[in-house]
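**Q**
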Amino acid sequence: MTIAANPVANVGRATLEFLADVGRLCIFAAQSLLAVFTPPFYFANLGRQLLSVGFYSLPVVGLTALFTGAVLAQQIYIGTGRFNAEATVPTIVVFGITRELGPVIASLMVAGRVAAAMAAELGTMRVTEQIDALTTLATNPFRYLIAPRVLAATLMLPILVLIGDIIGVMGGWLLATTVLDYNSIGYLQRTVDFLETWDVISGLIKAGVFGFIIALMGCYQGFNSSGGAQGVGRATTNAVVSASILILAANYIITSIAFTD
Amino acid sequence: MGTPKLSLEGVRKRFGSKVVLDGVDLEVYPGESVVVMGGSGTGKSVMLKCVLGLIQPDSGRILLDGRDITHLRGREREQLLRRFGMLFQGGALFDSLRVWRNVSFGLMSAQRMSKRDARARAVDILAKVGLGPDVGDLRPAELSGGMQKRVALARAIATNPEIIFFDEPTAGLDPIMADVINKLIIERVRDLGATALTITHDMASARKIADRIGMLHAGKIIWAGPVAEIDRSGNPYVEQFIHGRAEGPITMAVRRQ
Ligand SMILES: Nc1ncnc2c1ncn2[C@@H]1O[C@H](COP(=O)(O)OP(=O)(O)O)[C@@H](O)[C@H]1O
Ligand SMILES: [Mg+2]
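If you read the sequences in order, they're chains R and S. Sequential numbering from 785 applies to the first sequence in this note's numbering. Sequential numbering from 27 applies to the second sequence in this note's numbering.
Dropping the structure here:
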């Protein structure tokens, strides 16, 4: 049929569908943001989400930060060793962690946990008509379900990343003082000597944006899922994949626009 | 008979190329109990969702007490929905909440009732559908199908709505439990003085609940009349349906699309 015969029409259709998708996502994001600021506020739901996004992500974020910090110290030690600049290891490690690896790796890990959980939960609620039931009970699902999730993730990610930053630096320090021959106090001194507040803050701002992306994609995919258990599975996968890609893309955009100094 | 409580005028809805509702006309008068029958997948649930605003109809009008509510959105729609109760086909109980929170959800969120009062009310309402107070502390997943239906029924009537929709209230229940649910529906509706619109393809249930019956087929209400006339409708579609015959003018599409 024409589908195979007309690649131009195919590309055109795919492009239109993609643009429509982007449009729907933007509307959804706007509705979610609006819901965050419109009463009634469901504080119990917010509390539950703060706990599940924040507290229960701590082990994952802590462990990945620890290993990342350690391996970073190891590699930078090798790299700087080639031109006798091993003394800069603590400075570069903390710089890399606070500005890039801390926020990005923590967010990717949390995306795997949280976006998937949100998509699965909301997706199940959608296919079992619980979201419709909410609406008929005169409760706006954006305010009841989505606002608490978006707010919780946006608030908790910076906190998680700050903790991850500290653990990451400790990971580097641990490796440097045990495997390599660094002096403990000297390493820590070097870590803070050239660190600027902005290095940390810019990473935390990114984390907030990434948190928003994680909750947004989880909610969007779950909220719009259809087609029973299979549909929920698809929503879950899509949520994690799209959140991860958007995090990396947003990271590049934010860094190149706002954080070039 | 005055203004209908609810009327649908030429309501149409299609999904993609599939026409589901093709001009539905239906009137439900105050205090009346209307049952709509029809085969699986004929759009009975879609019809209810159009009225509730969960699905936007493509064309046609929906009137409540003579007022056009087809395109109400946002807060206005929220206000309107407080006057409705809905029992969903699958129950649609919130599985993250305990039974008493499910039952009192509308009271707490829409009517801002305090937790204590809401809980006491939930226990009252549960009693009305024949469930003890201890059920209130369970989660929906811990209940049997019949009990879930009762809880869903309790949730639908909790806010004393003026108009209640029951979407296949007896589907998937044994005949005895189905009859219990029928009785509860009749009792509760009479109690509240509510108007009821029930979807079912259970004839025994329809005869019991209905004042008037309508038959939905191919996107239209092809027959409607008092329950007493159902056996002499003279309509071959209705005849086939109430006798449950595979042969007749209604041919079952196997595929959904
Ligand atoms: N949200 C939707 N999107 C696409 N198709 C739908 C949607 N809801 C219902 N349908 C289709 O509409 C038809 C009627 O569905 P429904 O009203 O649930 O039937 P029933 O009469 O059994 O309640 C079905 O074929 C279903 O696949
Ligand atoms: Mg149905």
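The C-beta atom is built at its ideal place from N, Cα and C for all residues, glycine as well. Predicted model only: the values in this text are computed from it and were never measured.
1) Verify the contact flag: S/K70, CB atom, against every heavy atom of ligand 1, threshold strictly below 7 Å.
2) Excluding the 5 residues flanking S/S33 on each side, which residues of the same chain have their C-beta closer than 6 Å to its C-beta?
3) If R/A991 sits next to R/P887, beta carbons under 8 Å apart, how far is it from one beta carbon to the other, in whole angstroms?
4) Within 8 Å of any Cβ in chain R, is that where the Cβ of S/E188 sits?
5) Please name the residues in the region 896-919 of chain R whose beta-carbon is closer than 7 Å to at least one beta-carbon of chain S, in chain order.
6) Kindly say whether S/A284, judged by its beta-carbon, lies nearer than 8 Å to any beta-carbon of chain R.
7) Determine contact between the region 41-55 of chain S and the region 246-258 of chain S, defined as no fewer than three beta-carbon pairs at a distance below 8 Å.
8) Tell me S/L47's beta-bridge partners as DSSP assigns them.
9) So which residues of chain S does R/A922 contact, with C-beta pairs closer than 8 Å?
10) Is it the case that the CB of S/F191 approaches a heavy atom of ligand 1 more closely than 7 Å?
11) Does the structure place the region 911-926 of chain R close enough to the region 1023-1032 of chain R that three or more beta carbon pairs sit under 8 Å?
12) Does the distance from the CB of S/G86 to the CB of S/G36 come in under 8 Å?
13) Since S/P252 sits in a beta bridge, which residues does DSSP pair it with?
14) Using only the alpha-carbon positions, how far apart do R/V934 and R/N868 sit?
15) Consider the Cβ of S/L47: report whether some Cβ of chain R lies at a distance smaller than 8 Å.
16) Chain R beta carbons: is any one of them nearer than 8 Å to that of S/M73?
17) Apply the 10 Å Cβ neighbour rule to S/A276 and answer buried if 16 or more other Cβ atoms are within range, or exposed otherwise.
18) Hey, R/A854 and R/L988 are a contact pair by Cβ (cut 8 Å); roughly how many whole angstroms apart?
19) Considering Cα atoms alone, identify which of R/A793, R/G955, R/L979, R/F978 is closest to R/S968.
20) Can at least three beta-carbon pairs, one atom from the region 830-842 of chain R and one from the region 929-946 of chain R, be found at a separation below 8 Å?
21) Is there a Cβ of chain R sitting closer than 8 Å to that of S/F114, yes or no?
22) Should R/M893 and R/V845 be called a contact, given that it needs their Cβ atoms to be closer than 8 Å?
23) When you measure from the CB of S/Q266 to every non-hydrogen atom of ligand 2, does any distance come out below 7 Å?
**A** Concretely, from the data shown:
1) yes
2) E53, L89
3) That pair is a contact at about 4 Å.
4) no
5) T912, E913, Q914, D916, A917, T919
6) Residue 284 of chain S lies beyond the range of chain S shown here (27 to 283); nothing can be said about it.
7) yes
8) S/K39
9) Against chain S, the beta carbon of R/A922 has neighbours under 8 Å at E104, Q105, L107, R108, G132, S135, A136, listed in chain order.
10) Incorrect: S/F191 has no Cβ contact closer than 7 Å to ligand 1.
11) Between the region 1023-1032 of chain R and the region 911-926 of chain R there are fewer than three inter-stretch CB-CB distances shorter than 8 Å, so the stretches are not counted as touching.
12) yes
13) S/R238
14) 47 Å
15) No, S/L47 does not count as interfacial toward chain R.
16) It does not; no Cβ of chain R falls within 8 Å.
17) Correcting the residue identity first, residue 276 of chain S is Ile in this sequence and not Ala. S/I276 counts as buried, since no fewer than 16 other beta carbons sit within 10 angstroms of its beta carbon.
18) With 8 Å as the limit, R/A854 and R/L988 do not qualify as a contact, their Cβ atoms being about 22 Å apart.
19) R/G955
20) Between the region 830-842 of chain R and the region 929-946 of chain R, the count of C-beta pairs closer than 8 Å reaches three or more; the two stretches touch.
21) yes
22) yes
23) no
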